[in-house]
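Heads up: the sequence shown begins at 39 in my numbering, then just goes up one per residue. All residues carry an ideal CB built from backbone N, CA and C; glycine is no exception. What follows is a set of notes on a single structure, which appears directly below.
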Amino acid sequence: SYVDRFCEGRRVGDCNGILGAFGSGKTTFAINLAVTEARNFFMRSLVPGVEPELSVFMSYEEPEIKLIRRIWSNAAEIPWDTLEGMSDWSTLSTASRLKDYEREMFSVAGANTIIKGERERYEESMQWVNRHFVFLDMSGSEQYPNAGRGGVDEIASVLTRLQEERGMK
């Protein structure tokens, strides 16, 4: 990818930060990077002898409650606005009841390709997101009011605890 060529790839232990103007897509870009890395970690973990790894997304601005649907949108390839306003999971498409955007998106797939609906993609992504992705709400939100005040020491402590609890790099 462009980012890999620009920064010469990801190295073990890298911590990436993104700077930019308000509304420029920093959070969306970071979510995409973290979710893609979690998916890659899952795929590599299927190889015998490969240690499982964890992708951690930290937010100091937006609380988890505001970003969680964007994360799932990215992981399951479901339009964000579909999940944002959704209150009934039965409105998600299924393989037997695809939406127009899915027919268009998968129109290049071969005749023997199984096309999954939103619900199937969501359920499939649950196995790797729940195992290889962690969202750390450091925004001082109502849910975690004291998080994000401890600087680098807090980050190091939280990451060490995660590594120990999950048994993952």
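Range covered by the beta strand (DSSP E) that runs through residue i
i           : result
residue 171 : 171 to 175
Close beta carbons around residue i, own chain, < 6 Å, minus the five adjacent residues each side
i           : result
residue 182 : 175
For residue j and residue i, believed in contact at Cβ under 8 Å, the rounded distance
i           : j           : result
residue 109 : residue 146 : With 8 Å as the limit, residue 109 and residue 146 do not qualify as a contact, their Cβ atoms being about 26 Å apart.
residue 99  : residue 179 : 10 Å between Cβ atoms; not a contact.
residue 158 : residue 133 : 6 Å
residue 160 : residue 197 : That belief does not hold up - the Cβ atoms of residue 160 and residue 197 are roughly 28 Å apart, past 8 Å.
Opening and closing residue of the alpha helix (DSSP H) in which residue i lies
i           : result
residue 95  : Here residue 95 belongs to no alpha helix (DSSP H); instead the beta strand (DSSP E) covers 93 to 97.
residue 142 : 138 to 143
residue 114 : 102 to 114
residue 185 : Taken as a continuous stretch (DSSP letters only), residue 185 belongs to no alpha helix (DSSP H), as it is neither H nor E.
Proximity winner among the options, relative to residue i (alpha-carbon distances)
i           : options               : result
residue 97  : 205, 206 and 193      : 193
residue 123 : 99, 107 and 133       : 107
residue 93  : 68, 101, 127 and 140  : 68
residue 171 : 201, 157 and 129      : 201
residue 76  : 85, 95 and 159        : 95
residue 140 : 127, 115, 91 and 195  : 115
residue 105 : 207, 189, 173 and 138 : 173
residue 207 : 103, 102, 88 and 66   : 88
Residues near residue i by beta carbon distance below 7 Å, same chain, minus five either side
i           : result
residue 111 : 117, 118 and 121
residue 136 : 153 and 155
residue 86  : none
Sequence-distant residues of the same chain with beta carbon closer than 8 Å to residue i, five excluded per side
i           : result
residue 205 : 90
With contact counted as at least three CB pairs below 8 Å, one residue from each stretch, are the segment 78 to 85 and the segment 162 to 181 in contact?
-> yes
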